[in-house]
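Protein chains in written order, with this note's numbering: chain A, 6 to 263; chain B, 180 to 409.
Ideal Cβ positions, reconstructed from N, Cα and C, are used throughout, including at glycine.
Structure first, commentary second.
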């Protein structure tokens, strides 16, 4: 009996996992009003990724450090440019992206920039699955330990501080988990497109759900269909899966029932 | 904040309380005393420092001068603008957020019935009108079961029937022994609903019963102009 050609299995599993955890994380970010920070971190991981790949180190560590540095720099600049935070954060986003691009010729790194920016789902391997599984476990641990704090912080941020909820710890943990999720999603959809997967499935449900938990579950379900379906459609049409998923995200918003 | 000389729960006393946002002085040497079981109105024009005073008494801000003491716990009902009304949460769960670890037997459903929002307990926050939002915030504040309750403009921009209902609930709370300080833009005969009135414009201009405050202000030049006269 001929052996089944299962080359598509790892990419499909990765697509489904990413389809679950990106919208779940996006639910937290959108309800906490931190989505701009998430987009910034998605781009800030680039220099760290390239540095790690150039020296044959684990890209997760490099990307995580770089992403956190970008977030830290953005927070500092936000204090300096109060009332103009969007300008400061977008400048940091562009700057880190540019730094990453510069590092390729400077380090003579053998890195496919297009893959990092737009993803290459069909090249997914076991290391990508493990990375995504770690991000998933981290997210589940945060939710199981701090769900009520996340709700309080989202509804009444000042009240959460006054009620002595561990606001700083939760915000820092959420930033770390965002970085892990973004790094996991890079193989699937790339740095530029991951923000669509964080946002679109959430925006479709955010006005209707009765709880944060419900929002995360519905968004994850939509993301699952989006990524799984997007991947299979891409294989059938011989198109790059990451950009196709990005376009499907926009289509999702356009066809959302008012 | 320190424990007061009085050991009666719900007694709050502030002496020479001051606060500045950078170089700008917001509160100057404010003296304030609240007795248990009283409903006190804190009135003044926009920018008088009412919210700042409430946040100081709740511990959200640290005073730049003076002291205050309170026997018991202090709860706060914030202004509507402090809440993200688009967050995915039901009215019932929003009220439950006010639950503290030392919470008693009062349930969110009971409090929602008291404020006239029992039928709306399963609704999302973004389906509420302004008056309904204020009622939910009051229910959440009552859920804290604090000895002193500070309310930041609970009757702001709501219709008169809702205002009367909320004042009725606050009066019941005071009658049961809770101390309430209500920041308000009420003026004239509307102040008769309160036991005491404190008029604030960075410093205390007048304090006492509603009649006493009106007499005090009639004897002074009105510093607050058209915001409060009439």
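C-beta atoms of residue i and residue j nearer than 8 Å
i: residue 227 of chain B; j: residue 342 of chain B; result: no
i: residue 20 of chain A; j: residue 195 of chain A; result: no
i: residue 319 of chain B; j: residue 349 of chain B; result: no
i: residue 247 of chain A; j: residue 198 of chain A; result: yes
i: residue 238 of chain B; j: residue 196 of chain B; result: no
i: residue 43 of chain A; j: residue 54 of chain A; result: no
i: residue 214 of chain A; j: residue 231 of chain A; result: no
i: residue 257 of chain B; j: residue 211 of chain A; result: no
i: residue 67 of chain A; j: residue 46 of chain A; result: no
i: residue 277 of chain B; j: residue 323 of chain B; result: yes
i: residue 332 of chain B; j: residue 372 of chain B; result: no
i: residue 93 of chain A; j: residue 82 of chain A; result: yes
i: residue 143 of chain A; j: residue 185 of chain A; result: yes
i: residue 188 of chain A; j: residue 136 of chain A; result: yes
i: residue 379 of chain B; j: residue 232 of chain B; result: yes
i: residue 237 of chain A; j: residue 126 of chain A; result: no
i: residue 160 of chain A; j: residue 263 of chain B; result: yes
i: residue 307 of chain B; j: residue 315 of chain B; result: yes
i: residue 207 of chain A; j: residue 32 of chain A; result: yes
i: residue 172 of chain A; j: residue 150 of chain A; result: no
i: residue 91 of chain A; j: residue 41 of chain A; result: yes
i: residue 329 of chain B; j: residue 236 of chain B; result: yes
i: residue 240 of chain A; j: residue 13 of chain A; result: yes
i: residue 244 of chain A; j: residue 205 of chain A; result: no
i: residue 175 of chain A; j: residue 154 of chain A; result: yes
When the options are compared against residue i, the one with the closest alpha-carbon
i: residue 370 of chain B; options: B:211, B:201, B:221 and B:189; result: B:221
i: residue 198 of chain B; options: B:224, B:187 and B:234; result: B:234
i: residue 25 of chain A; options: A:240, A:262 and A:226; result: A:226
i: residue 251 of chain A; options: A:162, A:108, A:193 and A:38; result: A:193
i: residue 254 of chain B; options: B:210, B:394 and B:358; result: B:358
i: residue 217 of chain A; options: A:111, A:148, A:200 and A:105; result: A:148
i: residue 292 of chain B; options: B:231, B:271, B:210 and B:192; result: B:271
i: residue 302 of chain B; options: B:269, B:311, B:346 and B:241; result: B:269
i: residue 200 of chain B; options: B:375, B:243 and B:351; result: B:243
i: residue 248 of chain B; options: B:193, B:229 and B:330; result: B:193
i: residue 62 of chain A; options: A:239, A:153, A:134 and A:114; result: A:114
i: residue 374 of chain B; options: B:305, B:390 and B:304; result: B:390
i: residue 130 of chain A; options: A:190, A:240 and A:41; result: A:190
i: residue 110 of chain A; options: A:79, A:88 and A:59; result: A:59
i: residue 304 of chain B; options: B:317, B:265 and B:330; result: B:265
i: residue 313 of chain B; options: B:289, B:261 and B:223; result: B:261
i: residue 145 of chain A; options: A:178, A:18 and A:167; result: A:178
i: residue 230 of chain B; options: B:299, B:346, B:364 and B:398; result: B:364
i: residue 368 of chain B; options: B:352, B:356, B:392 and B:285; result: B:392
i: residue 167 of chain A; options: B:399, B:351 and B:279; result: B:279
Rounded C-alpha distance that separates residue i from residue j
i: residue 252 of chain B; j: residue 327 of chain B; result: 6 Å
i: residue 287 of chain B; j: residue 27 of chain A; result: 34 Å
i: residue 86 of chain A; j: residue 97 of chain A; result: 13 Å
i: residue 325 of chain B; j: residue 250 of chain B; result: 11 Å
i: residue 22 of chain A; j: residue 229 of chain A; result: 7 Å
i: residue 218 of chain B; j: residue 309 of chain B; result: 23 Å
i: residue 189 of chain B; j: residue 344 of chain B; result: 24 Å
i: residue 186 of chain B; j: residue 360 of chain B; result: 19 Å
i: residue 183 of chain A; j: residue 38 of chain A; result: 13 Å
i: residue 16 of chain A; j: residue 123 of chain A; result: 15 Å
i: residue 2 of chain A; j: residue 128 of chain A; result: Here chain A covers residues 6 to 263 and nothing more, so residue 2 of chain A does not appear.
i: residue 406 of chain B; j: residue 202 of chain B; result: Its pLDDT being 46, under 50, residue 406 of chain B is placed unreliably by the model, and the measurement read from it follows with that caveat. Spanning the two alpha carbons is a distance of roughly 26 Å.
i: residue 422 of chain B; j: residue 206 of chain B; result: Any question about residue 422 of chain B goes unanswered here, given that chain B covers just 180 to 409.
i: residue 336 of chain B; j: residue 121 of chain A; result: 52 Å
i: residue 65 of chain A; j: residue 29 of chain A; result: 20 Å
i: residue 366 of chain B; j: residue 340 of chain B; result: 17 Å
i: residue 242 of chain A; j: residue 220 of chain A; result: 32 Å
i: residue 164 of chain A; j: residue 387 of chain B; result: 31 Å
i: residue 383 of chain B; j: residue 36 of chain A; result: 40 Å
i: residue 216 of chain B; j: residue 240 of chain B; result: 25 Å
i: residue 223 of chain A; j: residue 261 of chain A; result: 14 Å
i: residue 317 of chain B; j: residue 290 of chain B; result: 9 Å
i: residue 10 of chain A; j: residue 18 of chain A; result: 15 Å
i: residue 204 of chain B; j: residue 225 of chain B; result: 15 Å
i: residue 162 of chain A; j: residue 275 of chain B; result: 16 Å
i: residue 297 of chain B; j: residue 285 of chain B; result: 14 Å
Count the C-beta pairs between the region 44-61 of chain A and the region 99-108 of chain A that are closer than 8 Å, then say yes if the count reaches three, no if not. With the rule of 3 Cβ pairs closer than 8 Å, the region 44-61 of chain A counts as touching the region 99-108 of chain A.
Ordered list of alpha helix (DSSP H) runs contained in the region 319-395 of chain B, each at least 4 residues: Listed in chain order, the complete alpha helix (DSSP H) runs (minimum 4 residues) inside the region 319-395 of chain B are 339-354.
Kindly provide the ranges of any beta strand (DSSP E) runs that are 3 or more residues long and lie completely inside the region 79-159 of chain A, ordered along the chain. none
Segments of 4+ residues assigned as alpha helix (DSSP H) that fall wholly inside the region 201-282 of chain B: 229-237 and 270-275
In chain order, each alpha helix (DSSP H) run of at least 4 residues that lies wholly inside the region 184-248 of chain A: 217-242
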